[in-house]
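**Q**
Protein chains: 4
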Amino acid sequence: MIDNKMRNIRVGVVGCGYWGPKLVRNFQSIPGADMYIVADLRQDRLDHIRGLYPGVRTTKDYRELLASPVEAVAVATPVSTHYQMAKEALLHNKHVLVEKPLTRDSREAEELIALAKERGRVLMVGHTFEYNPAVQYLKEYIAKGELGRVYYINCTRVNLGIFQQDINVIWDLAPHDVSILLYILGMKPTQVSARGAAYVQPNIEDVAYVTLYFPTGIMADIRVSWLDPCKIRRITVVGSKKMIVYDDVEPTEKIKIYDKGVDAPPYSDTLEEFRLSYRYGDITTPAISNAEPLELECRHFLECIREGRSPRSDGVVGLNVVKILEGANRSLKNGGLAEELSW
Amino acid sequence: MIDNKMRNIRVGVVGCGYWGPKLVRNFQSIPGADMYIVADLRQDRLDHIRGLYPGVRTTKDYRELLASPVEAVAVATPVSTHYQMAKEALLHNKHVLVEKPLTRDSREAEELIALAKERGRVLMVGHTFEYNPAVQYLKEYIAKGELGRVYYINCTRVNLGIFQQDINVIWDLAPHDVSILLYILGMKPTQVSARGAAYVQPNIEDVAYVTLYFPTGIMADIRVSWLDPCKIRRITVVGSKKMIVYDDVEPTEKIKIYDKGVDAPPYSDTLEEFRLSYRYGDITTPAISNAEPLELECRHFLECIREGRSPRSDGVVGLNVVKILEGANRSLKNGGLAEELSW
Amino acid sequence: MIDNKMRNIRVGVVGCGYWGPKLVRNFQSIPGADMYIVADLRQDRLDHIRGLYPGVRTTKDYRELLASPVEAVAVATPVSTHYQMAKEALLHNKHVLVEKPLTRDSREAEELIALAKERGRVLMVGHTFEYNPAVQYLKEYIAKGELGRVYYINCTRVNLGIFQQDINVIWDLAPHDVSILLYILGMKPTQVSARGAAYVQPNIEDVAYVTLYFPTGIMADIRVSWLDPCKIRRITVVGSKKMIVYDDVEPTEKIKIYDKGVDAPPYSDTLEEFRLSYRYGDITTPAISNAEPLELECRHFLECIREGRSPRSDGVVGLNVVKILEGANRSLKNGGLAEELSW
Amino acid sequence: MIDNKMRNIRVGVVGCGYWGPKLVRNFQSIPGADMYIVADLRQDRLDHIRGLYPGVRTTKDYRELLASPVEAVAVATPVSTHYQMAKEALLHNKHVLVEKPLTRDSREAEELIALAKERGRVLMVGHTFEYNPAVQYLKEYIAKGELGRVYYINCTRVNLGIFQQDINVIWDLAPHDVSILLYILGMKPTQVSARGAAYVQPNIEDVAYVTLYFPTGIMADIRVSWLDPCKIRRITVVGSKKMIVYDDVEPTEKIKIYDKGVDAPPYSDTLEEFRLSYRYGDITTPAISNAEPLELECRHFLECIREGRSPRSDGVVGLNVVKILEGANRSLKNGGLAEELSW
């Protein structure tokens with residue numbers, strides 16, 4: 006095993022737009038990886054990569070990458086091509102890391118899961134927030150029961166642009182929040198509803214609201230927008246004992262725990278005597294590791310390859326997220342009526 | 006007329022819980038008002054008022070107030086009693102200022118409007134934000150066309166408590182945002198939908214989301230909650246040219262105008278060439294008068310009485326708000342299905 | 006004694022500019038006080054008071070107030086008149102609460118202390134921050150040793166205006182910080198230095214920096230300005246174990262405790278091995294009572310009168326503050342050279 | 006000339022601690038530079054660089070770098086070695102970019118200036134902030150006269166660590182503010198004073214205050230500290246017409262212009278009539294380019310080499326900064342007495 010760990014894994018990255026270069030940088034600097042080849046349709050993106058890392062091969066034809074001796078492929082192309090890229094890579098017996106969302110269709114996701122299983126390859130989805138130390142803290146804090154019973158969760162993820170042309174804002178931004186919710190709650194919603202509107206591009210919603218209903222009565226709301234003047238990345242989890250806010254835009258104080266809550270009042274006969282009891286208390290901002298989530302994700306991918314393990318954000322997680330997004334988009338077309346989710 | 010303006014108007018206030026004392030303070034200090042009598046069921050609240058203003062009469066029986074020589078009555082009792090209180094005051098030929106929401110039922114609101122008309126009395130609803138200089142600025146800025154076409158509006162009004170026992174959070178907090186939206190847009194929505202949940206008190210929603218759909222395609226979302234660790238009072242208006250954020254919690258910089266937006270791209274044949282054009286620009290924080298909205302509201306009430314005018318936030322405005330809140334609550338019971346609003 | 010406590014103390018307030026009306030409001034609403042008479046040179050200020058509190062007597066001649074049956078006088082006039090007003094009130098056998106700074110000259114302060122002692126009256130200075138729950142918390146936190154050894158303190162108190170015409174910004178704003186420092190550290194500085202400049206009014210410094218040197222090596226810096234675009238009220242106390250920030254502008258999170266610090270490194274032979282050890286940790290925001298400091302101060306004044314006690318911020322505290330301000334102003338004239346303080 | 010511009014300039018970087026790797030990354034990605042060789046005493050730092058940029062040569066012996074065919078050398082070693090490193094590089098006829106401060110002694114700086122002139126080489130100091138778009142904006146805004154007459158400037162640059170072992174906090178952090186002040190005001194101070202204290206390491210001040218006095222009456226204060234719980238990077242420039250705040254910690258709204266100020270009042274006979282006139286107005290946050298200052302600095306260095314020009318932050322600028330820091334440290338030893346600066 007130790008011997009195995011020493012071996013460098015050759016990695017190829019397909020797609021060098023917004024996200025690809027970050028993957029390249031990480032695979033270039035992480036020990037145990039050999040950042041071998043990058044593919045993109047645009048020559049200027051490839052030149053940019055070569056300027057930074059003269060040792061990395063580049064190609065405009067991703068088939069050249071697939072034919073190369075890389076063992077692992079990271080797919081950072083537009084969402085509409087994820088399925089095809091991941092499928093071809095698996096058929097070439099590569100381990101595959103696909104950016105989120107895994108696919109635009111749950112049947113495609115199921116097909117990739119089956120194919121990865123058949124070929125004995127790792128299929129991982131880039132749900133980066135599952136590797137974020139703040140999200141990890143949130144999950145553990147809830148699991149310890151310190152929040153009490155979780156009541157509801159509000160997620161806001163808005164900013165100005167980057168607009169996508171092949172998917173709406175739900176497919177683009179909500180995968181982050183959906184994967185965080187599944188991860189920290191450890192359960193799947195039974196219903197989803199969504200509302201939205203398309204202002205800048207016809208038929209591509211740029212503003213949307215998604216509501217997930219979980220079995221225990223937890224309601225989780227997600228607000229996503231490409232059309233907001235401020236960048237907000239904020240998740241509020243309200244429990245019966247405490248409340249917690251995770252603000253990803255804060256440079257250092259990402260998590261705040263509010264030791265105040267509301268107790269349901271004891272039974273009383275008269276309205277006059279009826280009072281809710283409040284508990285106001287301290288606020289705590291725990292120290293959170295500032296390790297880069299993407300680096301942790303890339304390391305996890307390599308470890309899973311070496312040890313033959315299934316990743317935290319495996320194909321099934323990716324599929325679950327896709328099913329919820331599909332449901333949200335169906336609701337969007339149906340005037341916001343809640344859609345049942347079957348698992 | 007000038008002579009008329011000199012005359013002091015005798016005012017009575019019914020209800021001295023959270024809001025009533027603020028009305029008393031204003032009617033006590035505004036020239037032209039004679040803060041005459043206060044009624045409340047609780048002796049300790051009356052003692053508190055008398056400690057501050059030894060000249061003000063107090064009574065535990067509101068009928069004593071109605072029988073007194075006051076010309077104007079401000080009703081600051083629980084919502085469920087608004088209709089009865091306002092009706093009795095009008096039947097005693099008093100001018101009436103009722104706290105928002107006007108009533109819990111639109112038929113009751115219609116009845117009050119008819120009664121006020123019949124008796125020739127002023128009926129005003131305490132939609133304070135219509136007298137807020139920041140909201141006034143917002144309305145004028147939109148009217149001048151500087152935002153361009155209004156795309157959508159997001160309102161957030163959350164904090165921890167004060168819980169109500171006779172109404173849910175929509176009836177308690179959403180009247181503010183609904184009245185602001187009607188006022189700044191100058192139109193009425195055609196549909197409303199809502200989702201929510203009751204966590205602390207059974208069947209009384211403490212968390213809710215309301216969506217209004219306006220004729221021109223404007224979507225306005227309102228998030229209200231009594232169960233949030235932070236006090237947020239924030240309205241974001243996104244237009245085709247600019248964006249504006251009104252943050253009522255900010256002590257001095259309440260309004261920020263973002264001179265950045267997104268233009269729909271020109272038609273293009275290839276996906277590769279397709280790019281949205283962004284315009285990033287300056288942010289402006291205009292100087293806003295810090296006059297107290299409640300004082301402006303109270304002065305407006307007195308002026309309307311003196312001049313026989315209909316107030317800005319008259320009974321019809323109050324009725325429109327009630328109709329929208331009724332629709333939202335129907336949608337809440339129907340799984341979030343959008344309700345048509347007929348005007 | 007209990008009987009004594011029931012008795013209402015008649016209070017007079019001299020000066021109704023910026024601060025006086027706040028004193029009037031408190032003495033009006035606190036049980037145990039009878040807000041009897043207010044004196045000011047300006048009729049419009051007196052009319053304002055009478056509009057709010059019809060039962061309060063008013064006069065343009067403060068001698069009328071001194072001749073009235075009040076037992077206690079609060080002096081809220083310009084600083085240059087404090088000495089004269091307080092002296093006359095004591096000579097009329099009144100208990101006296103004087104706004105800070107007590108006087109402009111330490112000999113005058115000493116005279117007032119002697120006079121109050123001779124007449125057996127309470128002499129108190131309105132160092133409001135000593136009654137502020139956040140400052141109280143700070144004092145107790147330091148006393149418990151949780152910060153470790155106190156290293157240094159930085160105070161910033163700046164905003165745009167209110168300009169004074171009879172005193173510079175050190176006399177106007179620094180009394181707050183100086184009294185806080187004396188109170189939370191429980192010791193007196195041995196040296197003081199100051200730098201400043203007068204930009205708007207000739208010879209009246211509107212920007213200044215004051216440095217206090219305490220016996221244990223604690224350096225405390227105070228920045229005061231009437232010429233800053235932002236209102237900042239911030240005190241940072243750095244200790245060997247923890248650090249604490251008190252931000253008085255924050256509406257709810259006034260105190261933050263930083264559980265991070267720096268340890269001096271162990272001795273080492275080579276520079277290469279030499280590293281300081283850092284400890285990063287949690288941040289805690291304790292819940293602080295939001296009781297109004299001025300109300301607590303006014304209650305304390307009344308208690309001291311009733312029980313014949315010396316107040317927390319008595320004449321001696323006021324004198325100590327004046328001596329430090331005198332030293333700072335001498336240093337200001339001497340090019341910032343540190344002035345020795347003799348106690 | 007154009008031909009000249011095409012040519013790649015071979016660059017070597019000495020020192021790969023905190024700052025060096027940022028220089029390497031920039032020279033690696035900027036067109037027109039050939040990032041050739043890196044020297045550092047520590048093998049692990051060199052391995053780190055080689056992991057990222059396999060094409061870059063590395064050495065533990067900086068003399069190997071000097072002997073290599075590089076034309077330009079960037080010195081990012083501890084301050085105490087700047088003089089020796091820069092001198093040797095110039096003696097090898099290299100163009101030199103030295104991190105700030107240029108040297109610890111003004112005579113050394115003068116010697117380097119003379120040597121660079123003699124050899125006809127570019128000598129540049131890494132005063133990065135002179136290449137910062139926000140500082141550029143500040144300079145131009147002041148030059149246009151929009152602030153009116155500049156009254157005073159306050160600079161705060163504090164955080165927890167990084168402690169230096171060979172220089173105090175003035176030498177470490179104040180060079181940034183001093184170079185910004187010289188640059189935006191376009192003049193040199195006539196006096197400097199400083200106060201400070203050493204808490205963690207004996208005789209190495211970790212907290213200090215520096216005051217610069219400029220000919221026109223401008224007072225500029227600089228607060229620097231390695232011992233503060235919060236990272237603050239804030240410069241406030243107060244003028245007779247407007248005020249401007251530059252907050253470098255803000256991710257997007259770095260500059261805010263406050264259109265409010267104070268006019269000196271007209272002469273008046275009586276104190277009562279005397280009032281200062283305030284002008285409250287809008288706040289503007291201009292859009293500032295988010296180009297990386299270090300990249301602009303590195304490009305400027307290459308351009309000056311190609312075109313034989315003297316850089317914006319040349320040796321003389323570096324010398325001026327060193328002279329002021331020397332003066333500040335003399336004042337520190339003399340109890341804060343202001344030191345005259347001779348130019």
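Protein chains in written order, with this note's numbering: chain A, 6 to 348; chain B, 6 to 348; chain C, 6 to 348; chain D, 6 to 348.
The C-beta atom is built at its ideal place from N, Cα and C for all residues, glycine as well.
Mapping the DSSP letters down to three states, classify aspartate 274/C as helix, strand or coil.
**A** On the third sequence, position 269 is the one that residue 274/C refers to. Confidence is the limiting factor: at aspartate 274/C the pLDDT is only 38, short of 50, which leaves the residue's position unreliable, though a coordinate-based value still follows. If DSSP states are grouped into helix, strand and coil, aspartate 274/C belongs with coil.
**Q** Which runs of the beta strand (DSSP E) at least 3 residues long sit entirely within the stretch 18-100 of chain B? Give them in chain order.
**A** 38-44, 62-64, 77-80, all fully within the stretch 18-100 of chain B.
**Q** Counting Cβ pairs, one atom from each stretch, are 3 or more of them under 8 Å apart for the stretch 297-312 of chain A and the stretch 129-143 of chain A?
**A** With a cut-off of 8 Å, the stretch 129-143 of chain A and the stretch 297-312 of chain A count as touching, because enough Cβ pairs lie within range.
**Q** Look at the alpha carbon of tyrosine 88/C and the alpha carbon of arginine 311/B, and state the distance between them as a whole number of angstroms.
**A** Position 83 of the third sequence holds residue 88/C. Position 306 of the second sequence holds residue 311/B. Rounded to the nearest angstrom, the two C-alpha atoms are 50 Å apart.
**Q** Ignore the nearest five residues each way along the sequence and tell me which others in valine 61/C's own chain have a CB closer than 8 Å to its CB.
**A** The sequence position of residue 61/C within the third sequence is 56, counting from 1. Correct list, in chain order: Val29, Gln33, Met40, Tyr41, Ile42, Val43, Ile54, Arg55.
**Q** Please classify asparagine 333/A: is it buried, with 16 or more other beta-carbons within 10 angstroms of its beta-carbon, or exposed?
**A** Counting from 1 along the first sequence, the entry for residue 333/A is found at position 328. Asparagine is not the amino acid found at residue 333/A; the sequence shown has alanine there. Buried is the call here.
**Q** Would you tell me roughly how many angstroms separate the C-alpha atoms of lysine 265/B and serine 198/A, rounded to the nearest one?
**A** The count along the second sequence starts at 1 and reaches residue 265/B at position 260. The count along the first sequence starts at 1 and reaches residue 198/A at position 193. Answer to the nearest angstrom: the Cα atoms are 31 Å apart.
**Q** Establish whether the CB of glutamate 331/C and some CB of chain B are separated by less than 7 Å.
**A** If you number the third sequence from 1, residue 331/C lands on position 326. Chain B, which has no Cβ nearer than 7 Å to the Cβ of glutamate 331/C, makes this no.
**Q** Is it the case that the stretch 228-243 of chain C contacts the stretch 174-182 of chain C, given that we only count it when at least three CB pairs across the two stretches are under 8 Å?
**A** Cβ pair count under 8 Å is three or more, so yes.
**Q** Grab the span of the beta strand (DSSP E) containing asparagine 164/C for me, first residue to last.
**A** Residue numbering aside, residue 164/C sits at position 159 when the third sequence is read from its first letter. Where asparagine 164/C is concerned, the enclosing beta strand (DSSP E) stretches over 155-165.
**Q** Taking the CB atoms as reference points, tell me whether arginine 304/B and isoleucine 35/B lie closer together than 7 Å.
**A** For the purposes of this step, residue 304/B is taken as residue 299 along the second sequence, with counting starting at 1. For the purposes of this step, residue 35/B is taken as residue 30 along the second sequence, with counting starting at 1. It is a contact, given that the beta carbons lie within the stated cut-off.
**Q** What are the boundary residues of the alpha helix (DSSP H) that proline 234/C is part of?
**A** On the third sequence, residue 234/C is found 229 positions in, with the first residue counted as 1. Note, proline 234/C: premise wrong, no alpha helix (DSSP H); beta strand (DSSP E) at 232-244.
**Q** Only counting the same chain, and skipping five residues up and downstream in sequence, which positions put a Cβ closer than 7 Å to that of aspartate 171/D?
**A** For this step, residue 171/D is matched to residue 166 along the fourth sequence. Excluding sequence neighbours, aspartate 171/D sits near Pro83, Val84, Ser85.
**Q** What residue range does the beta strand (DSSP E) around arginine 314/C cover?
**A** In the third sequence, residue 314/C corresponds to position 309, counting from 1. Premise fails: arginine 314/C is in no beta strand (DSSP E) and is neither H nor E.
**Q** How about glycine 286/A: is its C-beta nearer than 7 Å to some C-beta of chain C?
**A** Numbered from 1 along the first sequence, position 281 holds the residue referred to as residue 286/A. Closer than 7 Å to some Cβ of chain C, the Cβ of glycine 286/A qualifies, so yes.
**Q** Assuming contact is defined by CB atoms lying nearer than 7 Å, are threonine 224/A and alanine 202/B in contact in what I supplied?
**A** Residue 224/A sits at position 219 when you count from the first residue of the first sequence. Residue 202/B sits at position 197 when you count from the first residue of the second sequence. Here residue 224/A turns out to be methionine, not threonine, going by the sequence shown. Yes, the pair counts as a contact, with Cβ atoms nearer than the cut-off.
**Q** Please work out which residues of its chain come closer than 8 Å, Cβ to Cβ, to aspartate 274/C, disregarding the five sequence neighbours upstream and downstream, and give them in chain order.
**A** Indexing the third sequence from 1 puts residue 274/C at position 269. Bear in mind that a pLDDT of 38 at aspartate 274/C, under 50, signals an unreliable position, so the number given afterwards is only what the model happens to contain. Counting only Cβ-Cβ distances below 8 Å, and skipping sequence neighbours, we find nothing.
**Q** Nearest to asparagine 31/A by alpha carbon, out of Arg200/A, Leu337/A, Ala79/A?
**A** The count along the first sequence starts at 1 and reaches residue 31/A at position 26. For the residues Arg200/A, Leu337/A, Ala79/A, the minimum Cα distance to asparagine 31/A belongs to Ala79/A.
**Q** For arginine 25/B, which residues of its own chain have a beta-carbon under 6 Å away from its beta-carbon, when the five flanking residues on both sides are left out?
**A** The count along the second sequence starts at 1 and reaches residue 25/B at position 20. Note that residue 25/B corresponds to glycine in the displayed sequence, not to arginine. Taken in chain order, the residues that qualify are Val18, Ala81.
**Q** Cutting at 6 Å between CB atoms, please list the residues of its own chain near isoleucine 209/D, excluding the five before and the five after it.
**A** Translated into positions along the fourth sequence, residue 209/D becomes position 204. Cβ within range, chain order: Asn173, Ala203.
**Q** Determine, using beta-carbon pairs with one atom in the stretch 90-106 of chain A and one in the stretch 92-111 of chain D, whether at least three such pairs fall under 8 Å.
**A** The stretch 90-106 of chain A vs the stretch 92-111 of chain D: no contact.
**Q** Within 7 Å (strictly less), CB to CB, does leucine 346/C reach chain D?
**A** For the purposes of this step, residue 346/C is identified with residue 341 of the third sequence, where counting begins at 1. No, no contact with chain D.
**Q** Is the shortest distance between the beta-carbon of proline 291/C and the beta-carbons of chain A less than 7 Å?
**A** By one-based count along the third sequence, residue 291/C stands at place 286. Yes - at least one Cβ of chain A is within 7 Å of the one on proline 291/C.
**Q** Relative to chain B, which residues along the stretch 16-43 of chain C have a C-beta separation below 7 Å, given in chain order?
**A** Residues Gln33, Ser34.
**Q** Whose Cβ in chain B lies nearer than 8 Å to the Cβ of glutamate 258/D?
**A** Start at 1 with the first residue of the fourth sequence, and residue 258/D comes out as number 253. The answer, in chain order, is Ile288.
**Q** What does the alpha-carbon distance come out to for the pair valine 140/B and proline 291/B?
**A** On the second sequence, position 135 is the one that residue 140/B refers to. On the second sequence, position 286 is the one that residue 291/B refers to. One C-alpha to the other measures close to 13 Å.
**Q** Quick one: is aspartate 45/A buried, meaning 16 or more other Cβ sit within 10 Å of its Cβ, or exposed?
**A** Taking the first sequence and counting its residues from 1, the one referred to as residue 45/A is at position 40. That one is buried.
**Q** What residues from chain B crowd round glycine 191/C, counting only those whose CB sits closer than 8 Å?
**A** As a position in the third sequence, residue 191/C is number 186, starting the count at 1. Those within 8 Å of glycine 191/C in chain B number zero; the least Cβ separation is about 33 Å.
**Q** May I have the straight-line CA-CA distance separating valine 205/A from aspartate 211/A, to the nearest angstrom?
**A** Here residue 205/A is taken as the residue at index 200 of the first sequence, counted from 1. Here residue 211/A is taken as the residue at index 206 of the first sequence, counted from 1. Whole-angstrom Cα-Cα distance: 7 Å.
**Q** Thinking C-alpha only, which one of Tyr58/D, Pro59/D, Cys21/D is nearest aspartate 49/D?
**A** Within the fourth sequence, numbered from 1, the residue matching residue 49/D stands at position 44. Nearest C-alpha to aspartate 49/D: Cys21/D.
**Q** Answer with buried or exposed for threonine 216/D, where buried requires no fewer than 16 other C-beta atoms within 10 angstroms of its C-beta.
**A** In the fourth sequence, the residue the question calls residue 216/D occupies position 211. The residue is buried, with at least 16 neighbouring Cβ atoms inside 10 Å.
**Q** Classify methionine 192/A: buried if its beta carbon has 16 or more other beta carbons within 10 angstroms, exposed otherwise.
**A** Position 187 of the first sequence, counted from the start, is the residue given in the question as residue 192/A. Looking at its Cβ environment, which holds fewer than 16 other Cβ atoms inside 10 Å, methionine 192/A is exposed.
**Q** Return no unless some Cβ of chain D is closer than 7 Å to the Cβ of proline 298/A.
**A** The residue labelled residue 298/A in the question sits at position 293 within the first sequence. Cβ-Cβ to chain D under 7 Å: no for proline 298/A.
**Q** Within its chain, find whatever has a CB closer than 8 Å to the CB of valine 326/D; leave out the 5 residues flanking it on each side and keep chain order.
**A** Sequence index remark: in the fourth sequence, residue 326/D carries index 321 (1-based). Excluding residues within five positions, the ones whose Cβ falls inside 8 Å are Lys105, Pro106, Leu107, Val130, His132, Pro180, Val183, Ser184, Leu187.
**Q** Out of Trp231/B, Leu143/B, Phe306/B, Leu324/B, which one is the CA nearest neighbour of glutamate 115/B?
**A** Position 110 of the second sequence, counted from the start, is the residue given in the question as residue 115/B. Of Trp231/B, Leu143/B, Phe306/B, Leu324/B, the residue nearest in Cα terms is Leu324/B.
**Q** Using Cβ-Cβ distances below 8 Å, what residues of the stretch 57-71 of chain A are close to chain D?
**A** Taking 8 Å as the Cβ-Cβ cut-off against chain D, the residues of the stretch 57-71 of chain A that qualify are Leu57, Tyr58, Pro59, Gly60.
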